[in-house]
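Enquirer:
Residue numbers (my numbering), protein chains in the order written: chain A, 702 to 1228; chain B, 702 to 1228.
Have a look at this one:
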């Protein structure tokens, strides 16, 4: 497929602007063909207006219609074949195996949401039947379900060019919920974005979805995204990226005449606590596993363990030394973009300059690669310098040595919101440090025992989110089937005749979904 | 019970400030004994810190513990007997029968949330069991449920001094969810607030709840509330009141270093569409019912129908004339406060001054009472003057006459967010105007056919909320059992041994709740 370098506004290709940018070969920093034209505010407006018109039709499609659409998107992406993987490898420097896996995950996510739609209970149907003879007043017939919010704007992440980009988690869940999507492509992989965007639009056409159910706007500058966030017809925003970017979007969305929800997943250092018993028992293998988790994918995961905490003793010293050795022995990799490598190096320099921070280990890095780095400091320094807990995106981690269980608890109590926290411990450790688990549970969206946070399962029970500043809304998830409800709100239908009710709320329960009828969960029809 | 006029900070009474205010006898505007002392920022801080300490214990209480607490609050309120009703009548001018009914609703809400806790499925437990042999990677054990957000701040409403005040809907749902509450009493009924606040604290003591699980701070000026909203340990805010008040709280909460969710229920004019067939068939009885709904409780309901729309014909003229007669014949009532009466009169004057607005009917009002008012205008004026759609709190309504079905749809399309919209129509009307129902569904939280919006059922299927500016968060409800989840967020437990999991997630399902296990809803244990 030939890249056009323009916007995909429904089935229409558009290149109105005169500002251009290109993708870059991530390994070398050389620019890639073709030139991409930034979307103008007029093009953003066209895409959103088309999405708003599409919403009227799309919100009324059946679950089966939408499931067919999602399945078809997955198929269209898979049928892009090597062209997609090869362009994506050039733009991101991510290896083929990783991208093939990520493509599988992307298709799997879409198909999982199709399954959720076909099962259908996600709408949380609740029915209170009329009680005409109730005293002192009759009870009306009340039926409540989730309905789509309307057209939404989604921003692509750089670090998952497939699974968290154009047809990624937020797009899949929003389309599943019945919301048209206007997608702002990440400027680090515009070719990948266009290939996938065109696949979505082919799928929409093939399955009879309304024109404008999906559009892709591209751009390297902040104005394109802000035009989307500030558009009065946009009803919610999804974003995965930096704290600064997410915060700016959150603030803009709240300043609108009609504020809208913003689901921004921002930074997280994902603290790992390694307790004394397990460090004594299997410190060496844990140290190697920590180093592997820190350097996985050149450390470019939201759940990268950027912080670990252990109690001072000789086993901890061995653990740190071994983790450092393992880390130093890793092969440096190219980062997603040149600016990210620069930010990584600056971030390490900043951390190193704080208090008594020491560099424990550093992998040799040359040729524009990012070498893994391990730093260490103590609990007092950590508590006094909150910037030690800020995310440095890349293959680094900071070890904090606490000199007492109380210091360890002080560290935990002082943490802000993170996506995950992890505790490694023997059975005895875990019993003894139960209060640590309780405190960490207040700080994160996912609390892990005896594993590492990298690797986010796409399933029913996943929660990928967490208290601010990890996200701007701890009440929803961006990964897993529960993400569908972030794009929906409840509507109560009072006194409706059966034929005017949505299928999910009709007496006969034609969709066969789970519903709460007069307070009881059931799949039965209403008598 | 003797009123102290101070704050109730856990079991401790506090009067540190030197600024005082009083309640007023609403019928006469004369001040009532005793003087109340405004909370200082230090007292607010004490209450919140105590709540934060209580949260550690309270969030770990069993559902049965919390249910017992809620039941006991209901009993303590009922056992206040006539003292509560009599003070409340003085402070609000609401009649005895209404307040006795509202007290019953308040107790009923508390007991309903106790039922929700005992049933237990509200935590939305989801379990994906481990798949250790899965290729290419094993799946870890993942278990997700809702956990309480932490200490929350709640503001009382003036118009429901019991059911939406100190022990009202937000307090009941937040305490049910496991969140300690610091309550800012409404200055229009400080004596009622103190009586109910003391009842909650007695219930907390009697059922062994932690000190500080509930506190009441009082004050007539904006600083007390803002100290609560801006306190860094407060994790969410509930509010019912004016648009201006809700917006100010929403903006302050978003400006915090850690922004927090704000559930502000603000203004709504609850448009009622009366379609041609039904107006022909039973216009007279509908007109009387509209007048009754507009003037119920001196029009002081969030769901008061402040706007109605009908198509121009002779039946509509008869309908308006009859509704006007019925309205003019109602007995004017005292409003909740003097300033509200003033605002009502100013609001009517403002509406009357717009374009071609005519006064159709006006009840005689003297002695500081609020007389019912009906205005009318046409669709063009309405579309050109959006302030005609703004809420005037009190017994008034504006009729809009549309000259074509297209004009009627234009009105519907131009509406902002409301709590409710209503359509009156024959079967034929409703089929013909299906697109009207679809449009209105996008604008509101509850869509009503052939009834009136006043009277909000407290049940499983109620949605009391709606798109902005009706509320600041259309994704939750402030009435009904679903309100419990606004105070909670999901947490995923990965790789936990069974004995460290919360009861709701243990293999054996000791609470017997509905859970989603590997994608299927079941009450069974995990094998």
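C-beta: ideal position from N, C-alpha, C; glycine also.
Let me confirm a value: residue 1207/A is counted as buried when at least 16 other C-beta atoms fall within 10 Å, else exposed. Which label applies?
Expert: Residue 1207/A sits at position 506 when you count from the first residue of the first chain. Buried: at least 16 other Cβ atoms inside 10 Å.
Enquirer: List the residues of chain A whose Cβ lies closer than 7 Å to the Cβ of residue 1238/B, in chain order.
Expert: Limits of chain B in this structure are 702 at one end and 1228 at the other, which puts residue 1238/B out of reach.
Enquirer: Enumerate in chain order the residues of its own chain whose CB-to-CB distance from residue 1189/A is below 7 Å, with the five nearest sequence positions on each side excluded.
Expert: Position 488 of the first chain, counted from the first residue, corresponds to residue 1189/A. Only 847, 848, 849, 850 and 878 meet the Cβ criterion.
Enquirer: Using alpha carbons as the reference points, say which of 1040/A, 941/A, 976/A and 863/A lies closest to residue 1229/A.
Expert: Chain A is shown only over 702 to 1228; residue 1229/A falls outside these bounds and no answer can be derived.
Enquirer: What residues of chain B sit near residue 841/A, judged by a beta carbon separation below 7 Å?
Expert: Residue 841/A sits at position 140 when you count from the first residue of the first chain. What residue 841/A touches in chain B: 1152 and 1158.
Enquirer: Applying a beta-carbon distance threshold of less than 7 Å, which residues of chain B neighbour residue 955/A?
Expert: Within the first chain, numbered from 1, the residue matching residue 955/A stands at position 254. Within 7 Å Cβ-Cβ: 955.
Enquirer: List, in order along the chain, the chain B residues whose C-beta lies closer than 9 Å to that of residue 1191/A?
Expert: For the purposes of this step, residue 1191/A is identified with residue 490 of the first chain, where counting begins at 1. Ordered by position in chain B, the residues that pass the 9 Å Cβ test against residue 1191/A are 1146, 1164, 1166, 1175, 1176, 1177, 1178 and 1183.
Enquirer: Taking just the CA atoms, how far does residue 1162/A sit from residue 843/B?
Expert: Indexing the second chain from 1 puts residue 843/B at position 142. Indexing the first chain from 1 puts residue 1162/A at position 461. Each residue's alpha carbon lies about 6 Å from the other.
Enquirer: What are the boundary residues of the alpha helix (DSSP H) that includes residue 1138/B?
Expert: For the purposes of this step, residue 1138/B is taken as the residue at position 437 of the second chain. Element bounds for residue 1138/B: 1135-1142.
Enquirer: Helix, strand or coil for residue 729/B? Go by DSSP, reduced to three states.
Expert: Reading the second chain from its first residue, position 28 is the one you call residue 729/B. In the structure shown, residue 729/B sits in coil (DSSP, three-state: anything other than H, G, I, E or B).
Enquirer: Are residue 932/B and residue 980/B closer than 8 Å when you measure CB to CB?
Expert: By 1-based counting over the second chain, the position of residue 932/B is 231. By 1-based counting over the second chain, the position of residue 980/B is 279. No, these two residues do not count as a Cβ contact at 8 Å.
Enquirer: Which residues in the same chain as residue 747/A place their Cβ atom closer than 6 Å to its Cβ, once the five residues preceding and following it in sequence are excluded?
Expert: Sequence index remark: in the first chain, residue 747/A carries index 46 (1-based). Excluding sequence neighbours, residue 747/A sits near 710.
Enquirer: Report the neighbours of residue 822/A on chain B: residues whose CB is nearer than 8 Å to its CB, in chain order.
Expert: Taking the first chain and counting its residues from 1, the one referred to as residue 822/A is at position 121. Those within 8 Å of residue 822/A in chain B are 1222.
Enquirer: Of the residues 1025/B, 793/B and 822/B, which one's Cα is nearest the Cα of residue 726/B?
Expert: As a position in the second chain, residue 726/B is number 25, starting the count at 1. Measuring from the Cα of residue 726/B, the nearest candidate turns out to be 793/B.
Enquirer: Would you say residue 959/B lies against chain A (beta-carbon separation less than 8 Å)?
Expert: Counting from 1 along the second chain, the entry for residue 959/B is found at position 258. Interface residue, yes.
Enquirer: Can you round the beta-carbon distance between residue 874/A and residue 1214/A to whole angstroms, since I take them to be within the 8 Å contact cut?
Expert: On the first chain, position 173 is the one that residue 874/A refers to. On the first chain, position 513 is the one that residue 1214/A refers to. Actually they do not touch by this definition, with Cβ atoms about 18 Å apart.
Enquirer: With a Cβ-Cβ cutoff of 8 Å, do residue 999/A and residue 972/A count as a contact?
Expert: Your numbering for residue 999/A matches position 298 in the first chain. Your numbering for residue 972/A matches position 271 in the first chain. No, the Cβ-Cβ distance between residue 999/A and residue 972/A is not below 8 Å.
Enquirer: Quick one: does residue 819/B have its CB under 8 Å from some CB of chain A?
Expert: For the purposes of this step, residue 819/B is taken as residue 118 along the second chain, with counting starting at 1. Cβ-Cβ to chain A under 8 Å: no for residue 819/B.
Enquirer: From the DSSP secondary-structure annotation, give me the bridge partner or partners of residue 1010/A.
Expert: If you number the first chain from 1, residue 1010/A lands on position 309. Answer by DSSP bridge pairing, in chain order: 974/A and 1101/A.
Enquirer: Spatial neighbours of residue 1044/A within its chain, please: CB distance less than 7 Å, with the 5 preceding and 5 following residues excluded, ordered by chain position.
Expert: Numbered from its first residue, the first chain carries residue 1044/A at position 343. The residues are 1094.
Enquirer: Cβ closer than 8 Å: which chain B residues qualify as neighbours of residue 1217/A?
Expert: Taking the first residue of the first chain as position 1, residue 1217/A is located at position 516. Near residue 1217/A (Cβ distances below 8 Å), the residues of chain B are 1161 and 1162.
Enquirer: Following the continuous beta strand (DSSP E) through residue 1150/A, name the residue where it begins and the one where it ends.
Expert: Translated into positions along the first chain, residue 1150/A becomes position 449. Run containing residue 1150/A: 1147-1150, per the beta strand (DSSP E) assignment.
Enquirer: Taking 8 Å as the CB-CB cut-off, is residue 964/B touching chain A?
Expert: Within the second chain, the letter at position 263 stands for residue 964/B. No, because no Cβ of chain A sits closer than 8 Å to the Cβ of residue 964/B.
Enquirer: Check each candidate in 1149/B, 1196/B and 1195/B and name the one with the smallest Cα separation from residue 1196/A.
Expert: What you label residue 1196/A is simply residue 495 of the first chain in a count that begins at 1. The shortest Cα separation from residue 1196/A among 1149/B, 1196/B and 1195/B belongs to 1149/B.
Enquirer: With DSSP run on the structure shown, which of helix, strand or coil describes residue 957/B?
Expert: Here residue 957/B is taken as the residue at index 256 of the second chain, counted from 1. Coil at residue 957/B, not helix or strand.
Enquirer: To which residues does DSSP link residue 965/A through a beta bridge?
Expert: In the first chain, residue 965/A corresponds to position 264, counting from 1. Answer by DSSP bridge pairing, in chain order: 940/A.
Enquirer: I think residue 714/A touches residue 723/A, with their Cβ atoms under 8 Å apart; what is that distance to the nearest whole Å?
Expert: Against the first chain, residue 714/A aligns to sequence position 13. Against the first chain, residue 723/A aligns to sequence position 22. That belief does not hold up - the Cβ atoms of residue 714/A and residue 723/A are roughly 18 Å apart, past 8 Å.
Enquirer: Could you tell me whether the segment 1063-1078 of chain A touches the segment 1029-1037 of chain A, using the rule of 3 or more Cβ pairs below 8 Å?
Expert: A contact exists between the segment 1063-1078 of chain A and the segment 1029-1037 of chain A.
Enquirer: Give every residue of the same chain whose Cβ lies closer than 6 Å to the Cβ of residue 1102/B, excluding the five residues on either side of it in the sequence, and list them in chain order.
Expert: To locate residue 1102/B, count along the second chain from 1; it is residue 401. Excluding positions up to five away in sequence, the list reads 1013 and 1079.
Enquirer: Assign residue 1104/A to one of two classes, buried (16 or more other C-beta atoms within 10 Å of its C-beta) or exposed (fewer than that).
Expert: As a working note, residue 1104/A is residue 403 in the first chain. With fewer than 16 other Cβ atoms within 10 Å, it is exposed.
Enquirer: Ignore the nearest five residues each way along the sequence and tell me which others in residue 1152/B's own chain have a CB closer than 8 Å to its CB.
Expert: Here residue 1152/B is taken as the residue at index 451 of the second chain, counted from 1. Closer than 8 Å at Cβ, skipping near neighbours: 1123.
Enquirer: Residue 1192/A to residue 854/A, Cα distance in whole Å?
Expert: Position 491 of the first chain, counted from the first residue, corresponds to residue 1192/A. Position 153 of the first chain, counted from the first residue, corresponds to residue 854/A. C-alpha separation (whole angstroms): 22 Å.
Enquirer: Measuring only the C-alpha atoms, how far is residue 1126/A from residue 983/A?
Expert: Reading the first chain from its first residue, position 425 is the one you call residue 1126/A. Reading the first chain from its first residue, position 282 is the one you call residue 983/A. Computed Cα separation, rounded: 10 Å.
Enquirer: Output yes or no for whether 8 Å exceeds the beta carbon distance between residue 925/A and residue 881/A.
Expert: Your numbering for residue 925/A matches position 224 in the first chain. Your numbering for residue 881/A matches position 180 in the first chain. It is not a contact, given that the beta carbons lie outside the stated cut-off.
Enquirer: Can you check which of these residues, 1076/A, 1090/A and 1030/A, is closest to residue 1065/A by C-alpha distance?
Expert: Residue numbering aside, residue 1065/A sits at position 364 when the first chain is read from its first letter. Looking at the Cα atoms, 1030/A is the closest of the given residues.
Enquirer: Do residue 827/B and residue 1217/B count as a contact pair if the criterion is CB distance below 8 Å?
Expert: What you label residue 1217/B is simply residue 516 of the second chain in a count that begins at 1. What you label residue 827/B is simply residue 126 of the second chain in a count that begins at 1. Yes, these two residues count as a Cβ contact at 8 Å.
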